[in-house]
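In our numbering, the protein residues as written are 477 to 1031. C-beta atoms are modelled at their ideal positions from N, C-alpha and C, and glycine is treated no differently. Just so it is clear, the structure is predicted and the values come from calculations on it, not from any experiment.
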């Protein structure tokens, strides 16, 4: 017995046509859509300040207007977290849409994640619920299930538990579904999108992924026939490493052991996942807190030609009086210039100034006035990419942990009945996993200085203020070298920005992979825009571009 679960959205703003493509491209039992991220919750929170009836992903409704009839005709159930901060509001909107279209569907939703009242000062505080609220809705006959903040993998574990009749303590099966859900959650990132070795296939318009999930928790990751992109062990490995950390991947229903995952190619565009073990979940739930942190502004000065460092120093000295009382001032000089450049753009460096303060006035008119006044009174060739504005609000994200019982997890069925979802029966503290044995290092031999990316892939992302960088080898010989060469200290050497930060290395031999967590590199999270790449999306590609001594046998 196989359950075919597809994904049609990896973020709020993903490909609009994906829902139709997934419904018409092949067989499905369940279609999921992941619309939420840390930044999205802040955006929806600000929406709801303006309109209490808002707070959900409106794009989902527009997609459903085109596709609800298709899903009903084909018997495909839809499960989505597009409810955001207002799942009840979105469920009502779906019912009104179905009535208008004359489509008889049963709509349910999951409630209980909103803990904002318990966290004064936050714009939105939401617990990451598990999948058993979704399970209850589906077992009661729902055709569409809307949730707020659940774990991304819950969109798969919930339908799987409903379909196969799993109990809350079948941890290995649940862990297998968690791994499948993690691979699906970011859409085309599992089918060649954002993939280090994108030239291995046609990545121009990747299809969206689906999982053929089995009763024992194993699955095959694939995509509809004839769609773009490709699915291989590498694309699945990359996604498994994305925004994870060590061997234990904890959630509210189960802790999945990523060090037990086994991958194998099962034919063209098919990767089998098996062997996943699970443990009781931790005794606490993660709660994502979003709040407004103040106001920020920025201006980028273009420095062209000679004396780049001296020009940057002049601007800093000239603006110093206007910045004296600003709470947070950051200057970054990007040496994008080249000597004897053939174009003005390639002869130019960029000096970026970012300011933050609780007072909008301190970063608004005061800064913009001081910067504009330099137009005829600063370095030769003075100009900026865009004039600074009046200052805009920025958000701060942090996570806290509360006991399972702090959230009143409830399945609100299509007929209005409310079914409480009890917290986890058993829990286990997340103890550290002993470091696995490393493979034998390669025999000494000639080396050549070359980019790491010639022998290793990488994918990076954000979790609050931390970044993770997953790095994997594609062959056993490359893994033997990588496991010994790319230590946490070597990582700091290659990524100078991390030298004063805590870098933790996790080893996953089954995946021939290392996962690095760089603590604090993103400041207060993506909404605070702490660095040039605020979500660390390209940190892995920077690492792959760095040169080190690589055995010639691997090149």
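Original post:
Three-state secondary structure (DSSP) at residue 674?
Top reply: The sequence position of residue 674 within the chain shown is 198, counting from 1. Helix at residue 674.
Original post:
Taking C-beta to C-beta, are residue 590 and residue 512 nearer than 9 Å?
Top reply: The residue you call residue 590 lines up with position 114 of the chain shown. The residue you call residue 512 lines up with position 36 of the chain shown. Taking C-beta atoms as the reference points, residue 590 and residue 512 fail to come closer than 9 Å.
Subject >> Bounding residues of the alpha helix (DSSP H) (the contiguous stretch that carries residue 752) >> reply: Within the chain shown, residue 752 is the residue found at index 276, counting from 1. Premise fails: residue 752 is in no alpha helix (DSSP H) and is neither H nor E.
Subject >> Residues bridged to residue 508 [DSSP beta-bridge criterion] >> reply: The residue you call residue 508 lines up with position 32 of the chain shown. Residue 508 pairs with 483, 555.
Original post:
Candidates 1015, 575, 837: which alpha carbon is nearest residue 864's?
Top reply: Residue numbering aside, residue 864 sits at position 388 when the chain shown is read from its first letter. When C-alpha distances from residue 864 are compared across 1015, 575, 837, the shortest belongs to 837.
Subject >> residue 647 - DSSP class collapsed to helix/strand/coil >> reply: In the chain shown, residue 647 corresponds to position 171, counting from 1. Here residue 647 sits in helix by DSSP.
Subject >> Where the beta strand (DSSP E) containing residue 696 begins and where it ends >> reply: Numbered from its first residue, the chain shown carries residue 696 at position 220. For residue 696, the enclosing beta strand (DSSP E) begins and ends at 695-699.
**OP:** Pull up the distance between the alpha-carbon of residue 633 and that of residue 775, whole angstroms please.
**Re:** Along the chain shown, read from residue 1 onward, the residue named residue 633 stands at position 157. Along the chain shown, read from residue 1 onward, the residue named residue 775 stands at position 299. Each residue's CA atom was taken as its position, placing residue 633 and residue 775 some 46 Å apart.
Subject >> Start-to-end residues for the alpha helix (DSSP H) that takes in residue 568 >> reply: In the chain shown, counting from the first residue as 1, residue 568 sits at position 92. Residues 563-577.
**OP:** Could you have a look at residue 1013 and say whether DSSP puts it in helix, strand or coil?
**Re:** Residue mapping note: residue 1013 aligns to position 537 of the chain shown, counting from 1. Here residue 1013 sits in coil by DSSP.
**OP:** Count the other C-beta atoms from every protein chain shown that fall within 10 angstroms of the C-beta of residue 1008, then say buried if there are 16 or more, exposed otherwise.
**Re:** By one-based count along the chain shown, residue 1008 stands at place 532. That one is exposed.
**OP:** On a CA-only basis, which of 609, 963, 588 is nearest residue 602? Give me that one, please.
**Re:** One-based indexing of the chain shown puts residue 602 at position 126. Proximity to residue 602 across 609, 963, 588 peaks at 588, based on C-alpha coordinates.
Subject >> Beta-carbon spacing of residue 745, residue 708 below 9 Å >> reply: Here residue 745 refers to the residue found at position 269 when the chain shown is read from its first residue. Here residue 708 refers to the residue found at position 232 when the chain shown is read from its first residue. Yes, the pair counts as a contact, with Cβ atoms nearer than the cut-off.
Original post:
Exposed or buried, residue 866, counting other C-beta atoms within 10 Å across all chains shown (16 or more means buried)?
Top reply: If you number the chain shown from 1, residue 866 lands on position 390. Exposed is the call here.
Subject >> Length at least 3, wholly inside the region 823-857: the beta strand (DSSP E) runs in chain order >> reply: Counting only runs of 3 or more, we get 824-833.
Original post:
Can we say the region 648-663 touches the region 761-774, given the rule of at least three CB pairs closer than 8 Å?
Top reply: By the Cβ rule, the region 648-663 does not count as touching the region 761-774, because fewer than three pairs are nearer than 8 Å.
**OP:** Confirm, please, whether the CB-CB distance from residue 717 to residue 483 is below 9 Å.
**Re:** Within the chain shown, the letter at position 7 stands for residue 483. Within the chain shown, the letter at position 241 stands for residue 717. Not a contact, by the Cβ cut-off of 9 Å.
Original post:
For residue 769 versus residue 872, is the C-beta distance shorter than 9 Å?
Top reply: By 1-based counting over the chain shown, the position of residue 769 is 293. By 1-based counting over the chain shown, the position of residue 872 is 396. For residue 769 and residue 872, yes; Cβs fall inside 9 Å.
Original post:
Where does residue 960 fall in DSSP's three states?
Top reply: The residue you call residue 960 lines up with position 484 of the chain shown. Correct three-state label for residue 960: helix.
**OP:** Check whether the Cβ atoms of residue 878 and residue 761 lie closer than 9 Å to each other.
**Re:** Mapped onto the chain shown, residue 878 falls at position 402. Mapped onto the chain shown, residue 761 falls at position 285. Yes, Cβ-Cβ distance for residue 878 and residue 761 is below 9 Å.
**OP:** Jot down the residue ranges of each uninterrupted beta strand (DSSP E) in the region 904-990, minimum 3 residues, whole runs only, in chain order.
**Re:** Here the runs fully enclosed are 923-927, 932-939, 942-949, 979-984.
**OP:** Over the uninterrupted alpha helix (DSSP H) stretch that includes residue 793, give me the two end residues.
**Re:** Locating residue 793 in the chain shown gives position 317, counting from the first residue. For residue 793, the uninterrupted alpha helix (DSSP H) segment begins and ends at 784-799.
Subject >> Outcome for residue 492 when other beta-carbon atoms lying within 10 angstroms are tallied against a minimum of 16 >> reply: Counted from its first residue, the chain shown places residue 492 at position 16. With fewer than 16 other Cβ atoms within 10 Å, it is exposed.
**OP:** May I ask you to list the residues that DSSP assigns as paired with residue 770?
**Re:** Position 294 of the chain shown, counted from the first residue, corresponds to residue 770. 870.
Original post:
For residue 703, does the three-state DSSP call read helix, strand or coil?
Top reply: What you label residue 703 is simply residue 227 of the chain shown in a count that begins at 1. In this structure, residue 703 counts as coil in the three-state DSSP scheme.
Original post:
Looking at the unbroken beta strand (DSSP E) that takes in residue 686, where does it start and where does it end?
Top reply: The sequence position of residue 686 within the chain shown is 210, counting from 1. Counting along the chain, residue 686 sits inside the beta strand (DSSP E) bounded by residues 685-690.
**OP:** Going by DSSP, name the residue or residues bridged to residue 590.
**Re:** As a working mapping, residue 590 is identified with position 114 in the chain shown. DSSP output for residue 590 lists 602 as bridge partner(s).
Original post:
How about the region 538-547 and the region 490-507: do they share at least three Cβ pairs that are nearer than 8 Å?
Top reply: Because the criterion of three Cβ pairs below 8 Å is met, the region 538-547 and the region 490-507 touch.
**OP:** Whole angstroms is fine: what's the gap from residue 529's alpha carbon to residue 596's?
**Re:** The residue you call residue 529 lines up with position 53 of the chain shown. The residue you call residue 596 lines up with position 120 of the chain shown. Rounded to the nearest angstrom, the two C-alpha atoms are 21 Å apart.
Original post:
In the structure shown, what three-state DSSP assignment does residue 806 receive?
Top reply: By one-based count along the chain shown, residue 806 stands at place 330. DSSP places residue 806 in strand when its eight states are reduced to three.
**OP:** Could you name the residues of the same chain whose beta carbon sits closer than 7 Å to that of residue 812, not counting the 5 residues immediately before and after it, in chain order?
**Re:** As a first step, residue 812 is located in the chain shown; it is residue number 336 there, counting from the start. 824, 825, 826.
Original post:
Between the region 724-735 and the region 559-566, are three or more C-beta pairs nearer than 8 Å?
Top reply: No, the region 724-735 does not touch the region 559-566.
Original post:
Do the region 693-702 and the region 952-963 meet, that is, are 3 or more Cβ pairs less than 8 Å apart?
Top reply: Too few Cβ pairs lie closer than 8 Å, so no.
Original post:
Where does residue 930 land, buried or exposed, given buried means 16+ other C-beta within 10 angstroms?
Top reply: Reading the chain shown from its first residue, position 454 is the one you call residue 930. That one is exposed.
**OP:** Please classify residue 1005: does DSSP put it in a helix, a strand, or coil?
**Re:** If you number the chain shown from 1, residue 1005 lands on position 529. In the three-state scheme derived from DSSP, where H, G and I count as helix and E and B as strand, residue 1005 is classed as coil.
Original post:
Beta carbon of residue 636, beta carbon of residue 479: below 9 Å?
Top reply: As a working mapping, residue 636 is identified with position 160 in the chain shown. As a working mapping, residue 479 is identified with position 3 in the chain shown. Yes, they are a contact pair.
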